[in-house]
Structure formats: structure tokens, C-alpha cells
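Residue numbers 1 to 84, in the numbering used here, belong to the letters of the sequence shown in order.
Written out below as C-alpha cells is the structure these notes cover.
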Amino acid sequence: MGNNDNTMQFDLAKDKKDLTKEILTEVYNSLMKKGYNPVNQLVGYLISGDPTYITNYNGARALVRKLERDEILEEVLKSYLGIK
């Protein structure tokens, strides 16, 4: 075991942003592979809360449900506006 005197820093906001992006990318790719319009399907899910807008392919539906819809919208809006 190595001796590491550096203090690790935990950044919850960055981790949440990275996780949201990773999950949305996976879900987007799964929707594309199944022939759906990913943007339309994700918007339908975000507006209605109905998970059937998201395909089960590659576990996409289970993945997207790991995130709260309001948190997804928050991260998408921040990204769109260029807010960190």
C-alpha cells in the first residue's frame, strides 16, 4: 500500500453531473439503436414521468429511473445555458 499524503476532494455536484450525462448518453444510444427519436422519447418521459417512453433495450429504462426527473432537467438546463 503506497503512502499518499494528498487530500482527496469530493465534489458531489460534479459527480452528479457526470452520472447524469453518462446515463442520458446510454439511454440516448439505446433509443437510437431501437429506431426511436431519442429526444422526443426523453422529452415524453420528462414531461409525463411515464417510463414506457424509454426502451428496455440494454437496461435503458432502469438506468434512466436511477435519476430524478427534476435532476435531469436541472443538469440539461445548466448545460444548455453553460452554467457550471
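We put the CB at the ideal spot given by N, CA and C, even for glycine.
For residue j and residue i, believed in contact at Cβ under 8 angstroms, the rounded distance
| i | j | result |
| --- | --- | --- |
| Leu24 | Ile83 | With a Cβ gap of about 17 angstroms, Leu24 and Ile83 do not count as contacting. |
| Glu26 | Leu63 | 6 angstroms |
| Glu75 | Thr20 | 4 angstroms |
| Tyr53 | Gly44 | 4 angstroms |
| Lys42 | Ala60 | At residue 42 the sequence reads Leu, which differs from the Lys that was named. The Cβ separation is near 10 angstroms, so there is no contact. |
Span of the alpha helix (DSSP H), counted from its first residue to its last, around residue i
| i | result |
| --- | --- |
| Tyr45 | 38 to 48 |
| Lys84 | Run containing Lys84: none; DSSP gives neither H nor E here. |
Backbone secondary structure at residue i - three-state DSSP
| i | result |
| --- | --- |
| Glu68 | coil |
| Lys21 | helix |
| Asn58 | helix |
| Asn29 | helix |
| Thr52 | helix |
| Asp5 | coil |
| Val78 | The question names Val, but residue 78 is Lys in the sequence shown. Three-state DSSP puts Lys78 in a helix. |
| Lys34 | coil |
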